[in-house]
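Residue numbers (the numbering used here): 35 to 197.
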């Protein structure tokens, strides 16, 4: 990590010494202060956004039954993805390295459905359903493949033993 920071610093100093680029609007030369701000931005991304710690993400219960209402309708799971962590190599993607199974409990209410629309009339008493989900506990950068571009915004049940 220290070597990476040293290399970034050397690259920025080299740019400062040997180039006089112009900003995107072509109105002024880029100053040393501009480079300092860009360096600070990169340091903040390295400190806060590197692919290591999973980030809390709201994930909604995936149901194909329009009459069933889950409370809460989603949960917070920790996730590793390119939206939660940055890999310095563009050929790599942020993925879970370690995972843990967690049990989550939901109150479920079954409503009457007429013409594809739910109404507020409850068809059954509320129940509690237990689901098993995967929580990411450690992230890491791995080679990007077609198989590791998944959608992790919905929960898929593994176990429903409280119905």
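Think of the CB as a built atom: it goes at the ideal place given N, C-alpha and C, for glycine as much as any other residue. Given the structure is predicted, the values throughout are model-derived calculations rather than measurements.
Status (buried if at least 16 other CB within 10 Å, exposed otherwise) for residue i
i, result
"residue 129", "buried"
"residue 122", "exposed"
"residue 115", "buried"
"residue 112", "buried"
"residue 161", "exposed"
"residue 93", "buried"
"residue 169", "buried"
"residue 196", "Low per-residue confidence applies at residue 196: pLDDT is 39, beneath 50, and the placement is therefore not dependable, though the value from the model is reported in the following sentence. So residue 196 ends up on the exposed side."
"residue 135", "exposed"
Close beta carbons around residue i, own chain, < 6 Å, minus the five adjacent residues each side
i, result
"residue 77", "none"
"residue 105", "141"
Residue i (DSSP reduced to helix, strand or coil)
i, result
"residue 117", "coil"
"residue 78", "helix"
"residue 71", "helix"
"residue 180", "helix"
Beta-carbon contacts of residue i that lie in its chain and below 7 Å, excluding the five residues immediately before and after
i, result
"residue 132", "171 and 172"
"residue 87", "173"
DSSP beta-bridge partners of residue i
i, result
"residue 108", "94"
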